[in-house]
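Just so you know, we're using the numbering used here here: the sequence shown kicks off at 84 and counts up by one. Glycine is no exception: its CB is placed at the ideal position from the N, C-alpha and C atoms. Beneath this line is the structure, given in structure tokens, with notes to follow.
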Amino acid sequence: MEEVYKPIWISIIGNVLLALLKIVVGFIYSSLALVSDGVHSLSDVVTSVIGLIGIRISSKPPDRSHPFGHSRFEPLFAFFMGLILLLVAYEIARDSIGRVLEGSSIEVNSIMLGVAVFSIIFKEGMTQYTLWVGKKLDNQILIADAYHHRSDVLSTIAVLIGLLAEKFGFRYGDSLAGLIVAIFIAKVALEIVMRNVNYLTGTSPPFEICEKIEKIALSVDNVVGVHDLRAHYVGPKLHVELHIEVLPNLTLKEAHDVSEEVKRRIEELEEVEMAFVHVDIKGVTK
84 MEEVYKPIWI SIIGNVLLAL LKIVVGFIYS SLALVSDGVH SLSDVVTSVI
134 GLIGIRISSK PPDRSHPFGH SRFEPLFAFF MGLILLLVAY EIARDSIGRV
184 LEGSSIEVNS IMLGVAVFSI IFKEGMTQYT LWVGKKLDNQ ILIADAYHHR
234 SDVLSTIAVL IGLLAEKFGF RYGDSLAGLI VAIFIAKVAL EIVMRNVNYL
284 TGTSPPFEIC EKIEKIALSV DNVVGVHDLR AHYVGPKLHV ELHIEVLPNL
334 TLKEAHDVSE EVKRRIEELE EVEMAFVHVD IKGVTK
């Protein structure tokens, strides 16, 4: 199995088992918090399936209808996963407010607390693994999925706090914690959405990256100048276009070889998918 798919499948299987555990225990002991948290875990399954589809589509090679590949599908699916995170934040906030208005209470036991603690440890492990693979492969879908795992960790922490509050007689502890978690999840979701909006709309990279590209081009032998450097995101990677200047005493083949070397070095950058290099003769006006 390819490395990029492992976190997705672990996420799907793990969340299904975890959701069933929380829902069953929640129903047995009439815990709305655990049942809601189980449903939240099932929402992770939905986003993981979306992520799996997104990875498969974005990894397809270029074809006639998408000559530059399908990489824009990756941030597109990550964008929708960010929107799902916003929906999760809303659901947690709504349930928290609903519990305050209802003013209901339950009997809390060690099994319920144990399920919450186990869920926190298990989901944080999934978060760290998925985030590590996502950053290693520079895969925005995996990174977004990792933060969705983190949202489940935070919501379960809120559940644990709420259960402990119920146990010690503070009825509204879980509701207040749920609202705090909803705000944090919304913040993470907005960051994911905005980052992938930039990828989808072809925004320019930070100045430091353009400066690094220019320095690399100038480091190639026989390149005496660089101008009209443009770069924009196509999905999570950059397409770069630039003009290099060479001296007029070079042959056509030598000038071509210089441009190919510039292209090769720029495309070695982790941020760059493709570079287009134009050759100009120093001192020759167009």
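- Query: Considering only residues of the same chain and omitting the five flanking positions on each side of Val183, which have a CB-CB separation below 6 Å?
  - Reply: For the purposes of this step, residue 183 is taken as residue 100 along the sequence shown, with counting starting at 1. The residues are Tyr255, Ser258.
- Query: So which of Tyr230, His361, Val108 has the shortest CA-CA distance to Leu166?
  - Reply: As a position in the sequence shown, residue 166 is number 83, starting the count at 1. The residue with the shortest Cα to Cα distance from Leu166 is Tyr230.
- Message: Rounded to whole angstroms, what is the Cα-Cα separation between Asn330 and Val362?
- Response: Against the sequence shown, residue 330 aligns to sequence position 247. Against the sequence shown, residue 362 aligns to sequence position 279. Sequence inspection shows Leu at residue 330; the Asn mentioned does not correspond to that position. If you take the alpha carbons of Leu330 and Val362, they lie about 10 Å apart.
- Item | Where Glu353 falls, given that 16 or more other Cβ within 10 Å makes a residue buried | Translated into the one-based positions of the sequence shown, residue 353 becomes position 270. Glu353 is exposed by the Cβ-count criterion.
- Quick one: what's got a C-beta closer than 7 Å to Asn279's C-beta in the same chain, skipping five residues either side? On the sequence shown, residue 279 is found 196 positions in, with the first residue counted as 1. Cβ within range, chain order: Pro158, Ala161, Phe162, Gly165, Gln223.
- Query: Are any of the Cβ atoms in chain C nearer than 8 Å to that of Asp228?
  - Reply: No chain C appears in the structure shown, which is made up of a single protein chain.
- Task: For Tyr345, collect the residues of the same chain with a Cβ closer than 7 Å to its Cβ; drop the 5 residues on either side in sequence, then sort them by chain order.
- Result: Stepping through the sequence shown from its first residue, residue 345 is reached at position 262. Checking the sequence shown, residue 345 turns out to be Val, not Tyr. So the qualifying residues of the chain are Ala300, Val303, Val306, Ile327, Val360.
- Item | Per DSSP, the bridge partner or partners of Val122 | Locating residue 122 in the sequence shown gives position 39, counting from the first residue. In the DSSP output, where bridge partners are listed per residue, Val122 has none listed.
- Message: Can you find the residues in the same chain that come closer than 7 Å, C-beta to C-beta, to Val236, ignoring five residues on each side of it along the sequence?
- Response: On the sequence shown, residue 236 is found 153 positions in, with the first residue counted as 1. Excluding positions up to five away in sequence, the list reads Ile203, Lys206, Glu207, Thr210.
- Message: Given this structure, state the Cα-to-Cα distance separating Ile93 from Leu262, to the nearest angstrom.
- Response: The residue given as residue 93 occupies position 10 in the sequence shown. The residue given as residue 262 occupies position 179 in the sequence shown. So the alpha carbons of these two residues sit roughly 29 Å apart.
- Query: For Glu190, does the three-state DSSP call read helix, strand or coil?
  - Reply: Locating residue 190 in the sequence shown gives position 107, counting from the first residue. Note: Glu190 maps to coil in three-state DSSP.
- Task: Please state whether DSSP places Gly252 in a helix, a strand or coil.
- Result: In the sequence shown, the residue the question calls residue 252 occupies position 169. Residue state, collapsed to three classes: coil.
- Message: Can you tell me whether Glu174 is helix, strand or coil according to DSSP?
- Response: Locating residue 174 in the sequence shown gives position 91, counting from the first residue. Here Glu174 sits in helix by DSSP.
- Task: Could you check what DSSP says for Asp103 in three-state terms: helix, strand or coil?
- Result: Counted from its first residue, the sequence shown places residue 103 at position 20. Residue 103 is actually Leu in this sequence, not Asp. Three-state DSSP puts Leu103 in a helix.
- Message: Please return the same chain residues whose Cβ sits closer than 8 Å to the Cβ of Ile194, not counting the five positions on each side in sequence.
- Response: Position 111 of the sequence shown, counted from the first residue, corresponds to residue 194. For Ile194, where only same-chain residues beyond five positions count, the Cβ hits under 8 Å are Val108, Tyr112.
- According to DSSP, is Lys206 helix, strand or coil? Mapped onto the sequence shown, residue 206 falls at position 123. The answer is helix: DSSP assigns Lys206 an H, G or I state.
- Name the residue from Asn281, Ile96, Glu324, Leu333 whose alpha carbon lies nearest to the alpha carbon of Ile296. Start at 1 with the first residue of the sequence shown, and residue 296 comes out as number 213. Out of Asn281, Ile96, Glu324, Leu333, Glu324 has the C-alpha closest to the C-alpha of Ile296.
- Query: Bridge partners of Lys320, per DSSP?
  - Reply: Position 237 of the sequence shown, counting from 1, holds the residue named residue 320. Paired residue(s): Val317.
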